[in-house]
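Undergrad:
Protein chains: 2
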Amino acid sequence: MTTDKTWAPLFERLRTTTGAGQEDLQALAALPIALRHYGENQAVLRDGEQPSDCCLIVDGFCVRSKTIADGKRQILSIHIPGDLPNLQNLHYATVDHDLVALSDCTLAFIGHKALKDLIAQRPGVGNMFWRDTLVDAAISREWIVNVGQRSTTSRLAHLIVELRERLRLAGRVIDDMFALPLTQEQLGEAMGVTSVHTNRILRDLRIAGVLELQRGTVRILNEHKLQELAQFDGRYLHLSPSS
Amino acid sequence: MTTDKTWAPLFERLRTTTGAGQEDLQALAALPIALRHYGENQAVLRDGEQPSDCCLIVDGFCVRSKTIADGKRQILSIHIPGDLPNLQNLHYATVDHDLVALSDCTLAFIGHKALKDLIAQRPGVGNMFWRDTLVDAAISREWIVNVGQRSTTSRLAHLIVELRERLRLAGRVIDDMFALPLTQEQLGEAMGVTSVHTNRILRDLRIAGVLELQRGTVRILNEHKLQELAQFDGRYLHLSPSS
DNA sequence: CGTTGGGTTGATCGGTATCAAATAGCGTGG
DNA sequence: CCACGCTATTTGATACCGATCAACCCAACG
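These protein sequence lines are chains A and B, in that order.
Under our numbering, the first residue of the first sequence is numbered 301, with each subsequent residue one higher.
Under our numbering, the first residue of the second sequence is numbered 301, with each subsequent residue one higher.
1. Given that A369/B touches chain A, what residues does it touch there, using C-beta distances under 8 Å?
2. So what does E512/A bridge to, in DSSP terms?
3. Among residues of its own chain, excluding the 5 on either side of D476/B, which ones have a beta-carbon nearer than 6 Å to its beta-carbon?
4. Just the chain A side, please: which residues come within less than 7 Å of Y536/B by C-beta, in chain order?
5. Note the first and the last residue of the continuous alpha helix (DSSP H) segment covering A329/B.
6. What residue range is occupied by the uninterrupted alpha helix (DSSP H) comprising V425/B?
7. Give the list of continuous beta strand (DSSP E) stretches no shorter than 3 residues that lie fully inside the stretch 336 to 378 of chain B.
8. If contact means a Cβ-Cβ distance below 7 Å, which residues of the stretch 452 to 481 of chain A contact chain B?
9. I want to see whether chain B comes within less than 9 Å of D324/A, judged by CB atoms only; does it?
10. At which residues does the beta strand (DSSP E) containing T406/B begin and terminate?
11. Roughly how far, in whole angstroms, is the beta-carbon of I357/B from the beta-carbon of L434/B, given that I think they are within contact range, below 8 Å?
12. Please report whether the beta-carbon of V435/B lies at a distance below 9 Å from any beta-carbon of chain A.
13. Should P282/B be flagged as near chain A, meaning a C-beta pair shorter than 9 Å?
14. In angstroms, rounded to a whole number, what distance separates the CA positions of G360/A and T494/A?
15. Pair every Cβ in the stretch 425 to 443 of chain B with every Cβ in the stretch 493 to 511 of chain B, then say whether three or more of these pairs are closer than 8 Å.
16. To the nearest angstrom, how far is the alpha carbon of D347/A from that of H412/A?
17. Are the CB atoms of C355/B and V344/B nearer to each other than 9 Å?
18. Is the distance from the Cβ of G516/B to the Cβ of S403/B below 9 Å?
19. Less than 9 Å between the beta carbons of Q449/A and R373/B, yes or no?
20. For the stretch 479 to 498 of chain A, list every residue whose C-beta sits within 7 Å of some C-beta in chain B, in sequence order.
21. How would you call D398/A, buried or exposed, if buried means at least 16 neighbouring beta carbons within 10 angstroms?
22. Along the beta strand (DSSP E) that carries V493/A, what are the first and last residues, could you check?
23. Tell me the residue span of the alpha helix (DSSP H) that contains A457/B.
24. Across the stretch 306 to 324 of chain A and the stretch 424 to 431 of chain A, are there enough close Cβ pairs to call them in contact, namely three or more that are closer than 8 Å?
25. Going by DSSP in three states, D383/A sits in which element: helix, strand or coil?
26. Please report the distance separating the alpha-carbon of L526/B from that of L513/B.
27. Using the beta-carbon of each residue, which ones in chain A are nearer than 9 Å to P423/B?
28. DSSP beta-bridge partners for V473/B?
29. Around the Cβ of S451/B, are there at least 16 other Cβ atoms within 10 angstroms (buried) or fewer (exposed)?
30. Look at the alpha carbon of G339/B and the alpha carbon of F478/B, and state the distance between them as a whole number of angstroms.
31. Figure out for me which residue from P381/A, P332/A and A369/A has the closest Cα to the Cα of L463/A.
32. Give every residue of the same chain whose Cβ lies closer than 6 Å to the Cβ of G534/A, excluding the five residues on either side of it in the sequence, and list them in chain order.
33. To the nearest whole angstrom, what separates the beta carbons of L328/B and L384/B, a pair I think is in contact under 8 Å?
34. Any idea if L335/B is buried or exposed, counting beta-carbon neighbours within 10 angstroms, 16 or more meaning buried?
35. Step through the CB atoms of chain A and report whether any lies within less than 9 Å of the CB of R431/B.
36. Within the continuous beta strand (DSSP E) that includes L399/A, where are the two ends?
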């Protein structure tokens, strides 16, 4: 059965962040799902659509983004295995941004009706999911701080550290390395700077021996320097049920 | 009874955005609340606290903010009458930012326990509130776009238009004017620029005949120019139950 | 009054955008 | 296998937006 692999990263997260009960998780795993694959830069959801399913990222990376009138694009969040990037559509019909696959992705689609029925039957599932959307919101708020106040170097460091913490939960970090399949252009769009500038910041970090990013893989070279730059305080991730 | 005035702006919003039923709203209005007043720049919640109540803004303005290590502050959201700025604490204990009163404020505090009991009894109330936190998250995402991609002028215009749309729902807009009790320093912290620069942008907008901001009151002078600058698309506010 | 906090303006500096061009990597088809 | 073309990365030169520093104004208020 592939079910295990499908749900594993989500369940891992829910267990540690919400203290989810085994019964709720089993009920969840019993829901009918449809697996679909997406390729690089393929849109999963487009601004304005009204999806009838929520999707779970089983494997790969996706981003939420918005494009404004003059063509500039802002990446709003980076999503990793175990994330439910459009849970919000359970409660409002229309997506107000794009959701794009960064790399080859496997997504599991879960119908709204099945999900709503389960939540009605098991309030604990609803609470888990509500909390999940709240943590998503907390991450967005920290993203605002990142773009609004930190220097570009700190900004990149912070983004890297946050991603690593979240990927760790999903079991996707090996030693000092993890996947970050964003081009420099996309990293720039996440940070609100150009790709040229992103390139120079990456060079500085490489020369300073902090980290290197090659072919979509980050390697941390100096944890101490990285922390100093990122000033990362992970409380906003609310990683324990009681926090 | 003051209850009417207390709940009015929230109910107004819930009715139009979630199509809330009268019974759910009545049950909500029956909850015991405690009214408290706050003065300018007084902290309602501090980063790290673990509140046992959620607060409803009855009158006045509050902001969420975060201060980073070097002392820089980012304003994350502006809250107006009818907002529930720490609903998230129903699901996680610790606040991860500050909540500060901008002006003289009246807040109504509602105990978590009473709220949770009501939600358990009336799932419709839970759904309304969940949705409310989701719209809050959507506003945060648009805030990221604002800070990350728009020119400072557009950024300010967008902030103004969003606030006006939200204040309209709360019945707080009269003709072309509404209250915006932020100093230029605070407006700058909302937009990720300095107060000096905010001052110059405001001057430009005044000279261009777009809007003026005096003693905490905005007056729109040229709606057309304002729209052109803001490029505001309010779908992310999800103002109708079906959107 | 004097004090204080916001607002306003000017001068200068630095970080980032922009424009341009060269290089490197990688899949495709000849 | 190599040539080709596409895309991403890298570097340089220059322009400009916004930060910073400094001073001054102004209205509110004790």
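No residue lacks a Cβ here, since even glycine has one placed at the ideal position from N, Cα and C.
TA: Well, looking at it:
1. Q531
2. R519/A.
3. R519 and I520
4. For Y536/B, the chain A residues whose Cβ falls inside 7 Å of its Cβ are D396, in order along the chain.
5. Q322 to A329
6. P423 to Q449
7. 343 to 345, 353 to 359 and 362 to 367
8. none
9. Output row for D324/A: interface = no.
10. C405 to G411
11. Incorrect: roughly 19 Å between the Cβ atoms, too far for contact.
12. yes
13. The structure shown does not extend to residue 282/B, since chain B is modelled only from 301 through 543, so no value can be given for it.
14. 25 Å
15. no
16. One C-alpha to the other measures close to 19 Å.
17. yes
18. yes
19. yes
20. G492
21. buried
22. Where V493/A is concerned, there is no enclosing beta strand (DSSP E), given that its DSSP letter is neither H nor E.
23. T452 to L469
24. yes
25. coil
26. 14 Å
27. I419, A420, P423 and G426
28. F478/B
29. exposed
30. 20 Å
31. P381/A
32. E465
33. Incorrect: roughly 11 Å between the Cβ atoms, too far for contact.
34. exposed
35. Closer than 9 Å: yes.
36. Its beta strand (DSSP E) spans residues D398 to A401.
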